[in-house]
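Numbering (my numbering), first residue to last: 13 to 162. Glycine included, every Cβ here is placed at the ideal spot set by N, Cα and C. The structure appears right after this line, and notes come after that.
As structure tokens, then:
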């Protein structure tokens, strides 16, 4: 059985792709917008908007609050934020965990959010990280709704 993989989804966004991408670049605003899903984001190394900075996220998934320590890679040209997992409970199940948020502006003010996770399981009994994709979708939907109401 294959231990590594990539899962993802694409969702329509109505807010400008630049706004969503820039919110991920300066992630300190996210807990104030997505209060149900993100409980906090702190800088561990670097700063809020620098490629290579390390942040610690506190997230809620169902009835569980988890921690995700990541190093961010920012691609301004493609409006992509890649969160490379360093620590967190997902590492009980995965050897490698990388979450990517990419935002693309389309015609008529709408856009697309491409969300995916690249991972490597610790063993073949571990399921694909579908629930984390669900968290990513909920987070983007919260941000999209916030900017539409702003």
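Problem - residue 123 and residue 25 closer than 8 Å at C-beta - result: yes
Practice task
May I ask which residues mark the beginning and end of the alpha helix (DSSP H) holding residue 149?
Solution key: 142-161
Exercise for the section: Pull up the distance between the alpha-carbon of residue 75 and that of residue 49, whole angstroms please. Expected result: 11 Å
Practice task
Starting from the Cα of residue 129, find the closest Cα among 117, 112, 159 and give me that residue.
Solution key: 112
Exercise for the section: With a cut-off of 8 Å on the beta carbons, I'd call residue 27 and residue 117 a contact; round off their distance for me. Expected result: Not really, about 10 Å apart at Cβ, beyond 8 Å.
Handout entry: residue 70, enclosing beta strand (DSSP E) - first and last residue
Key = 66-73
Handout entry: Three CB pairs or more closer than 8 Å across the stretch 99-109 and the stretch 74-91
Key = yes
Exercise for the section: Quick one: grab the DSSP three-state call for residue 15. Expected result: coil
Problem - residue 91 versus 34, 17, 150, 55, residue with shortest Cα-Cα distance - result: 34
Handout entry: Residue interval of the beta strand (DSSP E) (run including residue 109)
Key = 106-117
Handout entry: Where the alpha helix (DSSP H) through residue 44 begins and ends
Key = 42-45
Practice task
Report yes if the C-beta distance between residue 67 and residue 54 is below 8 Å; otherwise report no.
Solution key: yes
Handout entry: Rounded separation between residue 125 and residue 135 - CA only
Key = 30 Å
Problem - Proximity of residue 32 and residue 155 at Cβ, strictly below 8 Å - result: yes
Practice task
Name the residue from 157, 158, 150 whose alpha carbon lies nearest to the alpha carbon of residue 22.
Solution key: 150
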